[in-house]
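**Q** Structure provided below as structure tokens; questions to follow.
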Amino acid sequence: MPEKPYDHSQIELKWHERWQDATFYKAEENSSKPKFYVLEMLPYPSGTLHIGHIRNYSIGDALARYKWMRGFNVLHPMGWDAFGLPAENAAIANKRPPREWTLQNIAAMKKTHRRFGFSYDWDREVSTCEPEYYRWNQWFFLKMYERGLAYRKEALLNWCPKCATVLANEQVVDGCCWRHEDTKVEQRALVQWFLKITDYAEQLLDDIAQLEGGWPERVLTMQRNWIGRSEGTEADFTLDPDGSPIRVFTTRVDTIYGATCVILAPEHPLNAAILDDEGKARAKAMVDARANRDPGDIEKEGFFTGRYAVNPYSGEKVPVWIGNFVLMGYGTGAIMAVPAHDERDFEFCRKYGIPVRPVIRPVDGVLAVEPGMKEAFCEYGIVENSGEWSGLPSEDARRRMSALAERKGFGKAAITYRIKDWGISRQRYWGTPIPMIHCPACGVVPVPERDLPVVLPEKIEITGAGRSPLENVPEFVNVTCPACGAAARRETDTMDTFIDSSWYFYRYCDARNSQAPFDPAKIAYWFEIDQYIGGVEHAILHLIYSRFFTKVMRDLGLVQNSEPARRLFTQGMVIAEGVKMSKSKGNVVGADMLAEKYGADTARMFVLFAAPPEKEVDWRWEGAEGIYRFLGRVYRFATRNVPQEERSGESDRKVLRKLHQTVKKITEDFETRWHFNTCIASVMELVNLLYAEEANISATAMREVLEKLALLLAPFAPYVSQEIWEELGGEGVLFHQSWPAFDPELARDDEAEIVVQVNGKVRSRITAPFGTPKEELEPRALADDKVKPFVEGKQVVKVIAVPDKLVNIVVK
RNA sequence: GCCCGGGUGGCGGAAUCGGCAGACGCACCGGACUUAAAAUCCGGUUUUCCGCAAGGAGAGUGCGGGUUCAAGUCCCGCCCCGGGCACCA
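In terms of the working numbering, the first sequence is residues 177 to 988.
Dropping the structure here:
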């Protein structure tokens, strides 16, 4: 049969149309098969899919198809992270409602999705900007409020002038806004809503142990650092002469006899009482200077308050300073400075001539001598010059001194976390309204559950200036108090959009439920997510919030799992010809453009071929051409060889061996490390061999090879492999076939090739049956013609033989 | 500064457990087919030296040491690149 040319657009269009309304990607509700939940992070509907998305989805899709072929009941959903600022900014720029803009973008992106043939169960599609979805954000918020996990407080908050809203700590990168890397965040005092993620800090940290092995170590480390657990002691110094306490937090209470001053943060509440007007002005200047500090270090500065405080252990009186490097937001906002044993304190005290007093000596050394110390000694050691504690190792002193503080009532052992509560109020329109009402009589009153959802008004003018645009919508703002019926005002802030993405993967399990966020029974079946796939940039934002939500939901009795995802895979970035893709550089490789030029199969396969999925990949158009050529080679070969006239079959053994080796390799990779680049390379090797041996393959062998070839390519290039399947006379949807099995006997080479080295250099190769013992290999190697010249006239010192691998002859 | 990754041909990358470095692809060169080109198919391509050639010898995985019969892979010390954290008491 003559070969057919590879017309990718015709093939892809044909199957695209046939699959349009097909239902075979649907997850089954009541299945006897084992379940597999594979999930890619949901995209923001910016309007276009780019090559980075395609990479993410190609990895997930390959896995989903493989799992289907392995007989799993696969859940593979997709949705839209549809709330957020870009829609609002677009609305201001184009005078179009955010909703309209968003829906249009979703439609466009979904079209591209379908063009690529990703295997999503679109019946479960979730769009977070729909009231059917965000009402459950509100519902969760109310549940958290009931449990005291949602609360309101005034705090200094990160304000991005470009976003015109506050940001959570997680959304501040190097002092700048996560979306505007050139825009420094300002500190503003505002009253806003917080979620008490700190209540779960310990669990978030402890449960990382469950994720070991399934999540990248890098992500876990970042989370550990972000949570920042620190074990230490809180102790009260007392202000002289009135005795009011200054509480400090330290991890090194064993060094407290070396404390030579107490330093307060410039915004410490006590400052109001102890500073004169000049001091207050200086403190304020420090706070302001820090607000627009450069990322990086600023010079340590401070001044003496004129007051003294008493060390609760030694009874010593030390000066009280204000220092710009002491953070109000961490610990107690006050520290004891022990310059001899802390680098920062050392730097500060040297600068201002405050005494340095060593009290810890190295375990196998002597106490440092002052004056003359060049740097702080920060390690554990033996406590010296510290009254009754002298002679104790640091670890013991820490424990016993904490216990004393507790007993005497001037302090306690304490654990401090770096993570702070999650500020979720946003002074913007396009987000979930916070379901709260402010009543002049009753105070803050939650919207009753029966009144949910609090729907975002549609007709609204958005200017982007100042307060939430919702404030200008009287019919939204003006309500009656659910408690007393008096006139009241609705909360006009909306929720951080990270709330939306904190639980969307639960909604996929029961996406159309109008009575509850989901049916817990369905969650019990599908969870945990077996494989989550996304970018590493979410390592501490989305991924820590999601873990928090899951734990809260578990405590609400809604889910049984403590963690959302058993395994996480973070794929590498896609860059274009050596440079990072960005809109401003105009080098963004769009998905439609790709599909246009080479077809979806080629685009998907190239992005998997170019590098292992966890690594950065460099998109080069010439490289994509290589894959296009390869798919053409496969297609033409298949079409011209089926049905096939009888041929000798003398190469059957060779070809089938390669085939089974390839099946083995790819199967193992899917189960372990996902190096699809080498999987694809191995199929290329197989095809190269097929070309070389084409005339000598029997009809039966050819059929087996072609069928399995189509199956092997199905996860990576679903269109063309389906077309080949049909050409072969195959029935039904390709990825509903079983994944090909390999025969280990067939996959094995007949004989082992054994490398013969002399002094570690390869001199010859011999073949021997597998399992030939070294006793037989050695003489054969020594007798080899190519080896002899290197051995003759020399003394054979020793011979190392590794069966099935090599013989190394050491001569002198 | 601290903690992770990483450094292999002209390029992307392979070598999964210490055992043949450079699979596979790109680019390039040559050949076949063609009036010609494209497409396609076949072959070559780390490098130095010896040789007309077939072939042979040596070097080589960022740099310097080490362990080992054997090191891209393990150990020690550096250099460079990428990422994360960075006054967290």
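We put the CB at the ideal spot given by N, CA and C, even for glycine.
None of these values were measured; they are calculated from a predicted model.
For the beta strand (DSSP E) that Tyr680 lies in, which residues bound it at each end?
**A** Within the first sequence, residue 680 is the residue found at index 504, counting from 1. From DSSP, Tyr680 is part of no beta strand (DSSP E) but of the alpha helix (DSSP H) over 680-683.
**Q** Once you ignore the five residues that flank Gly808 on each side, which residues in its own chain have a CB closer than 7 Å to its CB?
**A** For the purposes of this step, residue 808 is identified with residue 632 of the first sequence, where counting begins at 1. So the qualifying residues of the chain are Tyr182.
**Q** Taking all protein chains shown into account, do 16 or more other C-beta atoms lie within 10 angstroms of the C-beta of Glu667, making it buried, or fewer, making it exposed?
**A** In the first sequence, counting from the first residue as 1, residue 667 sits at position 491. By the neighbour-count rule (16 or more Cβ atoms within 10 Å), Glu667 is buried.
**Q** When we look at the beta-carbon of Ala510 and count the other beta-carbons within 10 Å, is it buried (16 or more) or exposed?
**A** Here the question's residue 510 lines up with position 334 in the first sequence. It counts as buried.
**Q** Please list the terminal residues of the continuous alpha helix (DSSP H) segment that includes Ile268.
**A** Taking the first residue of the first sequence as 1, we reach residue 268 at position 92. Start and end: 261-270.
**Q** Are the Cβ atoms of Phe425 and Thr592 separated by less than 9 Å?
**A** Position 249 of the first sequence, counted from the first residue, corresponds to residue 425. Position 416 of the first sequence, counted from the first residue, corresponds to residue 592. Closer than 9 Å, so yes.
**Q** I'd like to check one pair, Thr838 with Leu888: are the Cβ atoms closer than 9 Å?
**A** Start at 1 with the first residue of the first sequence, and residue 888 comes out as number 712. Start at 1 with the first residue of the first sequence, and residue 838 comes out as number 662. For Leu888 and Thr838, yes; Cβs fall inside 9 Å.
**Q** So, helix, strand or coil for Gly472, using DSSP?
**A** Within the first sequence, numbered from 1, the residue matching residue 472 stands at position 296. For Gly472, the predicted structure reports a pLDDT of 46, less than 50, and the residue's modelled location is therefore unreliable. A value from the coordinates is still provided. In the structure shown, Gly472 sits in coil (DSSP, three-state: anything other than H, G, I, E or B).
**Q** Name the one or two DSSP bridge partners that Ala665 has.
**A** Working through the first sequence from its first residue, we reach residue 665 at position 489. Position check: residue 665 holds Arg in this sequence, whereas Ala was assumed. Looking at the DSSP assignment, Arg665 forms a beta bridge with His614, Asn654.
**Q** If we count the other Cβ atoms within 10 Å of its Cβ and call it buried at 16 or more, is Gln280 buried or exposed?
**A** Taking the first sequence and counting its residues from 1, one reaches residue 280 at position 104. That one is exposed.
**Q** Going by DSSP, which residues form a beta bridge with Tyr484?
**A** For the purposes of this step, residue 484 is taken as the residue at position 308 of the first sequence. For Tyr484, which the question treats as bridged, DSSP gives the partners Asp416, Pro495.
**Q** Just to check my reading of the structure: Val502 and Ile439 have Cβ atoms closer than 8 Å, yes? What is that Cβ distance to the nearest angstrom?
**A** Taking the first sequence and counting its residues from 1, one reaches residue 502 at position 326. Taking the first sequence and counting its residues from 1, one reaches residue 439 at position 263. Contact flag correct, Cβ pair sits at about 5 Å.
**Q** Within this structure, are the beta carbons of Val545 and Gly557 separated by less than 9 Å?
**A** Sequence index remark: in the first sequence, residue 545 carries index 369 (1-based). Sequence index remark: in the first sequence, residue 557 carries index 381 (1-based). Their beta carbons are not under 9 Å apart, which means Val545 does not touch Gly557 by this criterion.
**Q** Quick one: what does DSSP say Leu904 is sitting in, helix, strand or coil?
**A** Working through the first sequence from its first residue, we reach residue 904 at position 728. Coil.
**Q** Going by Cα to Cα distance, which pick from Ser897, Ile709, Phe813 is closest to Leu239?
**A** Looking up residue 239 in the first sequence gives position 63. Comparing Cα positions, the closest option is Ile709.
**Q** Which word fits Gly587, buried or exposed, when buried means at least 16 other C-beta atoms lie within 10 angstroms of its C-beta?
**A** Taking the first residue of the first sequence as 1, we reach residue 587 at position 411. That one is buried.
**Q** Are there 16 or more other CB atoms within 10 angstroms of the CB of Ala912, so buried, or fewer, so exposed?
**A** Taking the first sequence and counting its residues from 1, the one referred to as residue 912 is at position 736. The question names Ala, but residue 912 in the sequence shown is His. Looking at its Cβ environment, which holds fewer than 16 other Cβ atoms inside 10 Å, His912 is exposed.
**Q** Is it buried or exposed, Met177, if we count other Cβ atoms within 10 angstroms and call 16 or more buried?
**A** In the first sequence, residue 177 corresponds to position 1, counting from 1. With fewer than 16 other Cβ atoms within 10 Å, it is exposed.
**Q** Give the straight-line distance between the Cα atoms of Pro210 and Val755, rounded to the nearest whole angstrom.
**A** Here the question's residue 210 lines up with position 34 in the first sequence. Here the question's residue 755 lines up with position 579 in the first sequence. Those two C-alpha atoms are separated by around 43 Å.
**Q** Could you pull the DSSP bridge partners for Trp795 from this structure?
**A** Start at 1 with the first residue of the first sequence, and residue 795 comes out as number 619. Paired residue(s): Ala752.
**Q** Alpha carbon to alpha carbon, how far is Thr374 from Ile227? Give it in angstroms, no decimals.
**A** Within the first sequence, numbered from 1, the residue matching residue 227 stands at position 51. Within the first sequence, numbered from 1, the residue matching residue 374 stands at position 198. If you take the alpha carbons of Ile227 and Thr374, they lie about 37 Å apart.
**Q** What does the alpha-carbon distance come out to for the pair Pro916 and Ala890?
**A** The residue you call residue 916 lines up with position 740 of the first sequence. The residue you call residue 890 lines up with position 714 of the first sequence. Cα-Cα distance, rounded: 11 Å.
**Q** For Thr508, which beta-bridge partners are listed by DSSP?
**A** For the purposes of this step, residue 508 is identified with residue 332 of the first sequence, where counting begins at 1. None; Thr508 has no bridge partner.
**Q** By Cβ distance below 8 Å, which residues in the same chain neighbour Val793 in space, the five residues on each side in sequence not counted?
**A** One-based indexing of the first sequence puts residue 793 at position 617. Correct list, in chain order: Arg231, Gly748, Met749, Val750, Ile751, Val783, Ala786, Ala787.
**Q** Might you give, ordered along the chain, the residues of its own chain that have their beta carbon closer than 6 Å to the beta carbon of Pro471, omitting 5 neighbours on each side?
**A** As a working mapping, residue 471 is identified with position 295 in the first sequence. Summary for Pro471: the model assigns pLDDT 42, below 50, so the residue's position carries little reliability; its value from the coordinates is reported in the next sentence. Taken in chain order, the residues that qualify are Asp350, Gly351.
**Q** Using the Cβ count rule (16 or more neighbours within 10 Å means buried), how would you classify Phe946?
**A** As a first step, residue 946 is located in the first sequence; it is residue number 770 there, counting from the start. With fewer than 16 Cβ atoms within 10 Å of its Cβ, Phe946 is classed as exposed.
**Q** Please report the straight-line C-alpha distance between Pro273 and Leu835, rounded to a whole angstrom.
**A** Here residue 273 corresponds to residue number 97 of the first sequence, with the count starting at 1. Here residue 835 corresponds to residue number 659 of the first sequence, with the count starting at 1. Cα to Cα, the separation comes out at about 56 Å.
**Q** Please classify Phe200 as buried or exposed, where buried requires at least 16 other C-beta atoms within 10 Å of its C-beta.
**A** As a position in the first sequence, residue 200 is number 24, starting the count at 1. Looking at its Cβ environment, which holds fewer than 16 other Cβ atoms inside 10 Å, Phe200 is exposed.
**Q** Taking only runs that begin and end inside the region 866-924, name each unbroken alpha helix (DSSP H) of 4 or more residues, in chain order.
**A** If we require 4 residues or more, the alpha helix (DSSP H) runs fully inside the region 866-924 come out as 875-889, 894-903, 920-923.
**Q** At what residues does the alpha helix (DSSP H) containing Asn689 begin and finish?
**A** As a first step, residue 689 must be located in the first sequence, where it is residue number 513. No alpha helix (DSSP H) holds Asn689; DSSP gives it neither H nor E.
**Q** Take every Cβ of the region 808-823, pair it with every Cβ of the region 922-935, and state whether three or more of those distances are shorter than 8 Å.
**A** Counting Cβ pairs under 8 Å, fewer than three are found: no touch.
**Q** With distance defined between alpha-carbon atoms, name the residue in Met769, Pro789, Ala448 nearest to Met285.
**A** In the first sequence, residue 285 corresponds to position 109, counting from 1. When each option's Cα is compared against that of Met285, the closest is Met769.
**Q** Which residues mark the beginning and the end of the beta strand (DSSP E) in which Asn334 is found?
**A** Locating residue 334 in the first sequence gives position 158, counting from the first residue. Element bounds for Asn334: 326-336.
**Q** How many angstroms separate the CA atom of Ile613 from the CA atom of Leu646?
**A** Counted from its first residue, the first sequence places residue 613 at position 437. Counted from its first residue, the first sequence places residue 646 at position 470. Distance between the alpha carbons of Ile613 and Leu646: 14 Å.
**Q** Would you report the Cα separation of Leu371 and Asp669, rounded to the nearest angstrom?
**A** Looking up residue 371 in the first sequence gives position 195. Looking up residue 669 in the first sequence gives position 493. Leu371 and Asp669: Cα-Cα distance of roughly 15 Å.
**Q** Is it the case that the Cβ atoms of Ala581 and Ala573 are separated by a distance below 9 Å?
**A** Mapped onto the first sequence, residue 581 falls at position 405. Mapped onto the first sequence, residue 573 falls at position 397. Not in contact: Ala581 and Ala573 (Cβ atoms no closer than 9 Å).
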